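Undergrad: Below is one structure. I have some questions about it.
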Amino acid sequence: MSIIAKYLKLQKKNFLLFGFFGFIFMLVFYVGKADISLVIYAFILCCFFGSVLLIIDIYRFYKKHKLLEELKPNINLCIDELPAVQDSIEEQYQEIIRLMHQQQMDLLSANDHAKTDMINYYTLWVHQIKTPISALRILLQSEPIENRVVLENELFKIEQYVEMVLSYLRLGSNTTDYKIEKYPLDRIIKQAIRKYARLFIQKKLTLIYDYVDEMILTDEKWLLFVIEQVLSNSLKYTKSGKISIYMEPNQVLVIEDTGIGIAPEDTPRVFEKGFTGYNGRDDKKSTGLGLYLCKLIMNRLGHGIQIESEIGKGTKVRLYLATVTSIYE
Numbered sequence: 003m004s005i006i007a008k009y010l011k012l013q014k015k016n017f018l019l020f021g022f023f024g025f026i027f028m029l030v031f032y033v034g035k036a037d038i039s040l041v042i043y044a045f046i047l048c049c050f051f052g053s054v055l056l057i058i059d060i061y062r063f064y065k066k067h068k069l070l071e072e073l074k075p076n077i078n079l080c081i082d083e084l085p086a087v088q089d090s091i092e093e094q095y096q097e098i099i100r101l102m103h104q105q106q107m108d109l110l111s112a113n114d115h116a117k118t119d120m121i122n123y124y125t126l127w128v129h130q131i132k133t134p135i136s137a138l139r140i141l142l143q144s145e146p147i148e149n150r151v152v153l154e155n156e157l158f159k160i161e162q163y164v165e166m167v168l169s170y171l172r173l174g175s176n177t178t179d180y181k182i183e184k185y186p187l188d189r190i191i192k193q194a195i196r197k198y199a200r201l202f203i204q205k206k207l208t209l210i211y212d213y214v215d216e217m218i219l220t221d222e223k224w225l226l227f228v229i230e231q232v233l234s235n236s237l238k239y240t241k242s243g244k245i246s247i248y249m250e251p252n253q254v255l256v257i258e259d260t261g262i263g264i265a266p267e268d269t270p271r272v273f274e275k276g277f278t279g280y281n282g283r284d285d286k287k288s289t290g291l292g293l294y295l296c297k298l299i300m301n302r303l304g305h306g307i308q309i310e311s312e313i314g315k316g317t318k319v320r321l322y323l324a325t326v327t328s329i330y331e
């Protein structure tokens with residue numbers, strides 16, 4: 003609906019009242035048998051001055067309407083630019099808006115403080131938990147070899163979960179640092195491979211990877227986290243066979259496995275927060291955070307991520323690394 007139509011609808015009662023008064027005016031002149039030329043003259047004058055006032059009022063209404071439209075995107079931040087009040091009713095409405103706005107700001111401030119306290123607490127906890135983890139790793143060296151392998155694997159999982167929590171907290175912080183530069187992709191991939199080398203050996207999985215001669219504009223730390231998460235998932239759900247890491251045209255990194263695959267109905271939702279799907283429910287240990295964090299990080303880096311999978315045949319994850327558009331969603 004146009005602004006003029008809104009104005010006419012709003013002033014409908016005034017127009018009816020004006021018409022009623024005009025009818026009385028005409029009736030009085032008719033009963034009094036006044037000169038018809040005087041009636042016409044008076045009618046023209048009324049219409050002229052009425053039209054002038056109407057145009058002025060429509061212009062004011064238009065300006066106020068446009069101002070309010072412009073305020074909508076920023077109304078949560080500031081209400082100081084509300085249009086000037088024209089009567090006591092508008093004044094009361096604006097006072098109510100100011101009170102509601104102040105209450106909202108107080109709630110947001112309280113929530114921000116609570117969120118900051120929570121992030122600080124869990125960040126401190128994550129850093130503190132690393133000390134007993136390191137101590138346990140040292141103590142494991144004295145364990146018999148048959149026990150050590152199992153215990154080291156479980157400790158490695160604990161370290162992964164701790165790193166995931168720390169990354170989750172950092173992504174939720176307004177102070178997350180990004181260092182966008184050109185990095186050799188081969189170096190990043192090899193860091194991830196070295197981290198999981200022991201699991202490749204223990205599960206007797208074949209790794210197919212050749213040197214990648216690509217320089218990627220990205221953040222090394224966060225891209226490494228994504229590659230590690232994808233590689234971790236491949237290792238978790240691949241019982242036998244191989245995991246391949248290779249490049250496709252236009253700087254697309256592919257991590258492909260011969261694992262159990264993902265159900266077709268689960269594939270569109272694998273990046274949702276907390277979604278575990280059939281495999282996650284069967285595994286009983288999936289948090290549903292790994293791929294969610296991967297998607298979040300890739301979006302912030304201006305990259306892309308896509309999953310293609312088939313039950314019983316494996317999963318193929320593509321990381322689109324060609325460009326960096328923004329580090330914010």
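In this text, residue positions in the sequence shown follow the numbering used here: the first is 3, and each later residue adds one.
All C-beta atoms in this analysis are idealised placements derived from N, C-alpha and C, irrespective of residue type, glycine included.
Everything numeric in this text was worked out from a predicted model, so none of it was measured.
(1) Below 8 Å on the Cβ atoms is my contact criterion, and I expect D259 with I245 to pass it. Report the Cβ-Cβ distance as a whole number of Å.
(2) How big is the Cα-Cα spacing for Q105 and E274?
(3) At what residues does the beta strand (DSSP E) containing P270 begin and finish?
(4) Examine the Cβ distances between the segment 185-192 and the segment 147-159 and report whether three or more of them are shorter than 8 Å.
(5) Do you know how far the Cα of F50 is from the Cα of L29?
(6) Among the candidates L303, G261 and V272, whose CA atom is the shortest distance from the CA of E312?
(7) Distance check for I218 and T168, CA to CA, integer angstroms please.
(8) Note the first and the last residue of the continuous beta strand (DSSP E) segment covering I262.
(9) Going by DSSP, what residues sit across from I309 in a beta bridge?
(10) Would you check if the distance between the CB atom of V228 and the CB atom of I299 is smaller than 8 Å?
(11) Report yes or no: is there a C-beta of chain C within less than 8 Å of the C-beta of D114?
(12) Quick one: grab the DSSP three-state call for Y163.
(13) Tell me, to the nearest whole angstrom, how far the beta carbon of L295 is from that of L173; I am working on the premise that it is less than 8 Å.
(14) Please classify Y43: is it buried, with 16 or more other beta-carbons within 10 angstroms of its beta-carbon, or exposed?
TA: Working from what's here:
(1) The distance from the Cβ of D259 to that of I245 is about 5 Å, consistent with a contact at the 8 Å cut-off.
(2) 32 Å
(3) Run containing P270: none; DSSP gives neither H nor E here.
(4) no
(5) 20 Å
(6) G261
(7) The amino acid at residue 168 is misidentified as Thr; the sequence shows Leu. If you take the alpha carbons of L168 and I218, they lie about 25 Å apart.
(8) That residue, I262, is in no beta strand (DSSP E); it is neither H nor E in DSSP.
(9) V319
(10) yes
(11) Of the chains in the structure shown, none is chain C; there is only one protein chain.
(12) helix
(13) 7 Å
(14) exposed
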